[in-house]
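The next block holds one structure in the form of structure tokens; read it before the comments.
There are 2 protein chains.
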Amino acid sequence: MPKASIAPDGKEYLLPTPEENEKERQILDQITAEQRAMGRKIVAVQGLGFVGCVMATVVADAVDASGKPIYYVHGHQRASARSYWKVPVINTGVPPVSSSDPEVPEIFKRCVLEKKNFRATSEDYVYTLVDVVVVDIQLDATKPAFGEAEKGYCDLTAFREGIRTLGKHIRPDCLVLVETTVPPGTCDKVVRPILEEEFIKRGIDIIANPPLVAHSYERVMPGAKYVASIRDFWRVFSGVNQKSIELCREFLSNVLNVKEFPLTQLDHTNASELSKVMENSYRATNIALTLEWAKFAEQIGVDLFKVRDAIRKRQGTHDNLLRPSLGVGGYCLTKDPVLANWAMGALFGLEGSLDVAIRSVNINDTMPLHTIELIKQVYPELRNLKVTVLGVSYLENLGDTRHSPSKTLVEFLRKDFAIVKTHDPYVEAWPELEESYVESDIDKALEGAEVVVFAVGHDQYRHLTPDHLVTKSGNKPLIVDCSNLLSDETLATYKALGCAVKGVGKGHV
Amino acid sequence: MPKASIAPDGKEYLLPTPEENEKERQILDQITAEQRAMGRKIVAVQGLGFVGCVMATVVADAVDASGKPIYYVHGHQRASARSYWKVPVINTGVPPVSSSDPEVPEIFKRCVLEKKNFRATSEDYVYTLVDVVVVDIQLDATKPAFGEAEKGYCDLTAFREGIRTLGKHIRPDCLVLVETTVPPGTCDKVVRPILEEEFIKRGIDIIANPPLVAHSYERVMPGAKYVASIRDFWRVFSGVNQKSIELCREFLSNVLNVKEFPLTQLDHTNASELSKVMENSYRATNIALTLEWAKFAEQIGVDLFKVRDAIRKRQGTHDNLLRPSLGVGGYCLTKDPVLANWAMGALFGLEGSLDVAIRSVNINDTMPLHTIELIKQVYPELRNLKVTVLGVSYLENLGDTRHSPSKTLVEFLRKDFAIVKTHDPYVEAWPELEESYVESDIDKALEGAEVVVFAVGHDQYRHLTPDHLVTKSGNKPLIVDCSNLLSDETLATYKALGCAVKGVGKGHV
Numbered sequence: 137m138p139k140a141s142i143a144p145d146g147k148e149y150l151l152p153t154p155e156e157n158e159k160e161r162q163i164l165d166q167i168t169a170e171q172r173a174m175g176r177k178i179v180a181v182q183g184l185g186f187v188g189c190v191m192a193t194v195v196a197d198a199v200d201a202s203g204k205p206i207y208y209v210h211g212h213q214r215a216s217a218r219s220y221w222k223v224p225v226i227n228t229g230v231p232p233v234s235s236s237d238p239e240v241p242e243i244f245k246r247c248v249l250e251k252k253n254f255r256a257t258s259e260d261y262v263y264t265l266v267d268v269v270v271v272d273i274q275l276d277a278t279k280p281a282f283g284e285a286e287k288g289y290c291d292l293t294a295f296r297e298g299i300r301t302l303g304k305h306i307r308p309d310c311l312v313l314v315e316t317t318v319p320p321g322t323c324d325k326v327v328r329p330i331l332e333e334e335f336i337k338r339g340i341d342i343i344a345n346p347p348l349v350a351h352s353y354e355r356v357m358p359g360a361k362y363v364a365s366i367r368d369f370w371r372v373f374s375g376v377n378q379k380s381i382e383l384c385r386e387f388l389s390n391v392l393n394v395k396e397f398p399l400t401q402l403d404h405t406n407a408s409e410l411s412k413v414m415e416n417s418y419r420a421t422n423i424a425l426t427l428e429w430a431k432f433a434e435q436i437g438v439d440l441f442k443v444r445d446a447i448r449k450r451q452g453t454h455d456n457l458l459r460p461s462l463g464v465g466g467y468c469l470t471k472d473p474v475l476a477n478w479a480m481g482a483l484f485g486l487e488g489s490l491d492v493a494i495r496s497v498n499i500n501d502t503m504p505l506h507t508i509e510l511i512k513q514v515y516p517e518l519r520n521l522k523v524t525v526l527g528v529s530y531l532e533n534l535g536d537t538r539h540s541p542s543k544t545l546v547e548f549l550r551k552d553f554a555i556v557k558t559h560d561p562y563v564e565a566w567p568e569l570e571e572s573y574v575e576s577d578i579d580k581a582l583e584g585a586e587v588v589v590f591a592v593g594h595d596q597y598r599h600l601t602p603d604h605l606v607t608k609s610g611n612k613p614l615i616v617d618c619s620n621l622l623s624d625e626t627l628a629t630y631k632a633l634g635c636a637v638k639g640v641g642k643g644h645v
Numbered sequence: 137m138p139k140a141s142i143a144p145d146g147k148e149y150l151l152p153t154p155e156e157n158e159k160e161r162q163i164l165d166q167i168t169a170e171q172r173a174m175g176r177k178i179v180a181v182q183g184l185g186f187v188g189c190v191m192a193t194v195v196a197d198a199v200d201a202s203g204k205p206i207y208y209v210h211g212h213q214r215a216s217a218r219s220y221w222k223v224p225v226i227n228t229g230v231p232p233v234s235s236s237d238p239e240v241p242e243i244f245k246r247c248v249l250e251k252k253n254f255r256a257t258s259e260d261y262v263y264t265l266v267d268v269v270v271v272d273i274q275l276d277a278t279k280p281a282f283g284e285a286e287k288g289y290c291d292l293t294a295f296r297e298g299i300r301t302l303g304k305h306i307r308p309d310c311l312v313l314v315e316t317t318v319p320p321g322t323c324d325k326v327v328r329p330i331l332e333e334e335f336i337k338r339g340i341d342i343i344a345n346p347p348l349v350a351h352s353y354e355r356v357m358p359g360a361k362y363v364a365s366i367r368d369f370w371r372v373f374s375g376v377n378q379k380s381i382e383l384c385r386e387f388l389s390n391v392l393n394v395k396e397f398p399l400t401q402l403d404h405t406n407a408s409e410l411s412k413v414m415e416n417s418y419r420a421t422n423i424a425l426t427l428e429w430a431k432f433a434e435q436i437g438v439d440l441f442k443v444r445d446a447i448r449k450r451q452g453t454h455d456n457l458l459r460p461s462l463g464v465g466g467y468c469l470t471k472d473p474v475l476a477n478w479a480m481g482a483l484f485g486l487e488g489s490l491d492v493a494i495r496s497v498n499i500n501d502t503m504p505l506h507t508i509e510l511i512k513q514v515y516p517e518l519r520n521l522k523v524t525v526l527g528v529s530y531l532e533n534l535g536d537t538r539h540s541p542s543k544t545l546v547e548f549l550r551k552d553f554a555i556v557k558t559h560d561p562y563v564e565a566w567p568e569l570e571e572s573y574v575e576s577d578i579d580k581a582l583e584g585a586e587v588v589v590f591a592v593g594h595d596q597y598r599h600l601t602p603d604h605l606v607t608k609s610g611n612k613p614l615i616v617d618c619s620n621l622l623s624d625e626t627l628a629t630y631k632a633l634g635c636a637v638k639g640v641g642k643g644h645v
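Just so you know, the protein sequences line up as chains A and B, in that order. Residue numbers for the first sequence, in the numbering used here: 137 to 645. Residue numbers for the second sequence, in the numbering used here: 137 to 645.
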């Protein structure tokens with residue numbers, strides 16, 4: 137058994153002892169009683185990850201017509217070595233995530249320290265006390281083979297355990313609102329049966345008291361509007377019965393900005409679960425489409441980004457057309473089609489597959505190899521080639537490295553014995569990659585580079601002058617623009633300085 | 137040699153004799169001289185098909201600041217048995233196409249009879265007289281095997297002949313503006329070389345007088361805004377040299393509504409040609425994506441159309457999400473990906489293919505078979521099954537049957553010996569299908585039906601009551617809704633009347 141949990145800043149937090157847990161249960165009882173006496177309803181958020189921790193503050197921040205908080209929120213995070221540190225950190229009023237959104241530290245401070253209606257705990261006992269549980273357990277897709285998303289699956293073990301914990305503790309009239317992106321069918325075929333099983337074990341009559349399960353998915357966007365993307369945006373919801381639908385609508389109407397963004401109710405949890413994974417599959421497919429056209433454009437002298445702008449003039453019918461790039465990263469587009477495809481067979485016993493979506497994931501996952509092909513057009517032999525990768529996050533001007541395509545790029549370059557340096561102004565640690573030191577000094581990162589890959593469109597890179605880059609590299613490096621970051625004028629300047637120039641979708645350079 | 141050309145209304149027009157052609161050349165000389173004396177420039181439109189005939193009127197209708205016509209337009213149509221009839225018909229001021237757009241007959245009448253600056257001819261000699269040729273030659277893709285668009289190709293023979301005719305006749309300073317949707321590379325690798333070849337034969341110095349080739353594609357939509365979709369909409373253009381770019385910009389600025397819809401210039405004809413086929417491939421791919429999700433939705437009780445509405449709330453990023461249906465028809469989405477894929481190898485000698493786009497065409501082309509699967513879920517044996525197909529055009533409230541998915545539906549039903557009747561209020565003749573009698577009396581079409589397929593969402597079908605349909609059929613027919621035409625209430629009424637009900641993407645019924 138681990139004894140401590142280490143935060144990203146290196147600080148160590150001892151896991152709670154049985155005695156401390158006993159004391160914590162008393163504290164939970166006491167707080168809850170006090171809060172109920174103030175007329176507040178009690179909410180638990182299960183899982184304080186990227187969505188859960190902010191969702192918890194949004195719930196705590198909700199006020200009634202007289203400006204008073206409607207809910208008290210217990211954030212629940214298991215006492216694991218990996219994540220327990222979040223509990224004591226949150227309880228000092230500090231967010232457990234870094235973000236460029238200034239609202240993030242503000243809302244944590246406000247709810248934890250000022251309103252004092254949000255507190256984190258690692259005690260399961262908390263679920264006995266609440267009216268609503270918002271489930272934000274992390275749920276990943278596993279893709280066991282690179283470029284073969286059709287073999288992808290979803291391991292529900294931890295998710296099932298989390299739901300079972302709820303079944304053992306919650307009152308029968310507690311609303312279980314699943315916010316996690318789940319394979320379609322999960323609420324109906326996984327969550328409800330587990331709750332029913334545990335209710336029966338507890339002697340609860342599930343005919344009179346059917347579990348109240350609802351589903352509503354978030355559309356969170358990391359970045360400067362992180363909090364608003366949870367609170368001030370369109371929401372879809374559904375429930376397994378009339379009571380859960382009503383409770384869910386009431387809850388979401390209290391905590392979200394439904395005045396500007398009215399709720400959309402769907403007829404079944406299958407429908408809202410499908411809606412979430414379909415909307416991300418739509419994006420993934422549209423990106424996959426662009427890669428083929430980018431390759432074609434590159435070979436016939438066409439700038440695909442200008443073509444895209446021309447097409448997107450058709451507002452309302454063609455403006456969702458996406459662009460090619462180094463590849464696709466982040467938590468959603470890389471996994472959601474896999475969740476859906478897996479659910480077809482695993483949860484519904486259906487034949488067939490979501491072939492278009494899955495092929496798109498494969499195209500997107502292997503897209504970084506195209507940038508390596510561009511490098512090889514100039515340097516057929518990668519061994520000992522000095523490559524500097526500018527940008528390792530998956531989005532511009534953000535430090536989020538989850539499923540970043542730069543990881544694939546770096547791994548495959550290293551596999552062929554290239555010597556790779558990476559730089560990112562927003563990334564301090566890159567936990568997903570071994571040997572992942574990320575240089576923060578761009579001049580050091582450029583030193584000796586024979587190839588410079590503009591992998592991600594961070595603004596800093598836009599302001600890097602060709603003169604500066606060439607001087608610092610000490611070479612005339614090959615410039616590869618993966619994200620249409622460099623203007624035609626800048627690329628011409630690089631050429632004038634003797635550099636070869638390549639770009640994803642940029643056939644005109 | 138054929139002697140006559142028969143119009144759709146059955147009227148016969150004798151093809152011109154050599155003597156008549158000689159006289160026509162004198163008329164062309166005389167008109168052109170008169171029009172030049174009035175300060176007008178002379179334009180020919182090559183090919184009076186769906187785009188060409190209306191484009192010709194849009195050019196003729198263009199006026200300068202003082203309200204006077206800028207151009208005189210010669211519409212040119214070869215004297216073929218298939219199409220010659222258009223020449224005499226147009227010259228009476230009548231459009232050679234039927235349309236629900238009231239502007240179509242108006243603009244023909246205005247230009248031919250009132251302004252008298254548009255006239256059709258079948259004489260190639262006309263090209264010697266003009267300042268601009270707008271090329272609107274029809275150019276199809278051939279898909280030799282059903283569901284295998286990867287084998288598709290583009291036969292350029294007739295197109296090349298048309299361009300060669302121009303090369304033999306036009307003045308070297310005449311702008312050749314290609315408006316036809318062509319495989320990327322066509323202007324640069326087909327049109328220009330042919331013109332150069334013919335110029336050289338005529339002793340023209342092609343260094344001093346390089347052919348002036350430009351490309352600008354239309355985004356025509358059949359229906360109530362047919363004329364406006366050509367004139368009042370975003371345009372992309374490009375040219376093979378500076379002079380052709382300038383002339384093209386001037387011409388388009390004179391004839392189109394560029395004040396509201398400014399032109400977009402691309403760097404090369406390859407780029408604008410690619411832009412056109414990519415924008416239609418984008419649509420085709422997004423439709424293909426929906427079929428898989430529709431099948432999934434059908435099997436798990438989900439109404440995909442409601443899911444689509446929920447997703448499309450995300451305006452600007454997700455509102456281009458299309459819907460599943462009987463299938464994809466029309467002239468563009470069914471062929472443009474094939475043109476592009478074929479061009480890669482045939483015009484550029486490149487390896488590789490546009491796999492996502494081509495697979496999407498295959499999914500779309502075979503989509504009507506899914507509706508047959510829905511029928512088979514209720515009637516596994518199609519032999520002698522009486523099926524009524526409501527709607528044979530490819531779009532709602534239109535009579536356009538080009539590449540209609542109803543054709544595939546009817547053909548495959550008949551292949552399995554179903555007895556198929558078809559109905560369409562907008563379609564008088566269905567030239568693409570053998571044994572294609574289309575009933576115009578819906579009650580007769582319904583008589584004896586065991587299956588009624590709502591194939592196309594014409595308004596008339598929306599107003600058909602379940603009582604009426606069931607009574608007229610004399611059965612309790614299976615109702616199949618391919619286009620989300622019938623509301624949940626209407627479908628429930630059919631069920632209450634004893635009908636089985638199915639719908640593409642409608643798992644909840």
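Cβ atoms here follow ideal geometry from the backbone N, Cα and C, with glycine treated the same way.
Query, Result
"Those residues which DSSP pairs with B/GLY177 across a bridge", "Looking at the sequence shown, residue 177 of chain B is not Gly but Lys. DSSP lists B/TYR207 as partners of B/LYS177."
"Residue of A/LYS251, A/MET503, A/TYR353 minimising C-alpha distance to A/GLN171", "A/LYS251"
"Buried or exposed by the 16-neighbour rule on C-beta atoms within 10 Å, applied to B/ARG176", "buried"
"Exposed unless 16 or more other CB atoms sit within 10 angstroms - verdict on A/PHE282", "exposed"
"Residue range of the unbroken alpha helix (DSSP H) whose run includes A/ILE243", "239-244"
"C-alpha gap between B/VAL269 and B/LEU402, whole angstroms", "20 Å"
"Same chain only: Cβ atoms within 7 Å of A/PRO460, ignoring 5 sequence neighbours per side", "THR426, LEU427, ALA430, LEU440, VAL640, GLY641"
"Terminal residues of the beta strand (DSSP E) in which A/GLY303 lies", "No beta strand (DSSP E) contains A/GLY303, which is instead part of the alpha helix (DSSP H) from 293-305."
"Cα-Cα separation between A/VAL394 and A/ASP368, rounded to whole angstroms", "8 Å"
"Whole-number beta carbon distance between A/PRO602 and A/LEU633, since they are thought to touch under 8 Å", "6 Å"
"Below-7 Å beta-carbon distance, B/MET357 vs any chain A residue", "no"
"Cβ-Cβ separation, A/ASN406 to B/VAL438 (assumed contact under 8 Å), whole Å", "5 Å"
"Proximal residues of chain B, C-beta to C-beta of A/SER411 below 8 Å", "VAL443, ALA446, ILE447"
"Segment contact flag, the stretch 289-301 of chain B with the stretch 270-280 of chain B, C-beta cutoff 8 Å, min 3 pairs", "yes"
"Bounding residues of the alpha helix (DSSP H) (the contiguous stretch that carries A/VAL188)", "Reading off the sequence, residue 188 of chain A comes out as Gly, not Val. A/GLY188 -> alpha helix (DSSP H) spans 188-197."
"Cross-strand partners of A/THR426 (DSSP beta bridge)", "None; A/THR426 has no bridge partner."
"Exposure of B/PHE254, with buried meaning 16 or more beta-carbon neighbours within 10 Å", "buried"
"Identified DSSP bridge partners for A/GLN182", "A/HIS212, A/VAL271"
"Start-to-end residues for the beta strand (DSSP E) that takes in A/GLY481", "First-last for A/GLY481: 472-482, but that is the alpha helix (DSSP H), not the beta strand (DSSP E)."
"Residue closest to B/ALA424, alpha-carbon to alpha-carbon, out of B/THR502, B/VAL209, B/HIS559, B/THR301", "B/THR502"
"Beta strand (DSSP E) segment containing B/VAL616, residue limits", "614-617"
"Positions along the stretch 449-471 of chain A whose CB lies within less than 8 Å of some CB in chain B", "LYS449, ARG450, GLY452, THR453, HIS454, ASP455, ASN456, LEU457"
"Proximity below 7 Å, CB of A/ALA591 to CB of A/VAL497", "no"
"Neighbour list for A/ASP368 in chain B, Cβ cutoff strictly below 9 Å", "Ordered by position in chain B, no residue passes the 9 Å Cβ test against A/ASP368, which lies about 13 Å from the chain."
"Alpha-carbon to alpha-carbon, A/ALA585 and B/GLU396", "49 Å"
"For A/ALA143, the three-state DSSP class (helix, strand or coil)", "coil"
"Selection from A/LYS471, A/ALA198, A/PRO308, A/ARG338 that minimises the alpha carbon distance to A/ALA344", "A/PRO308"
"Test: B/THR421 CB closer than 7 Å to a CB of chain A", "yes"
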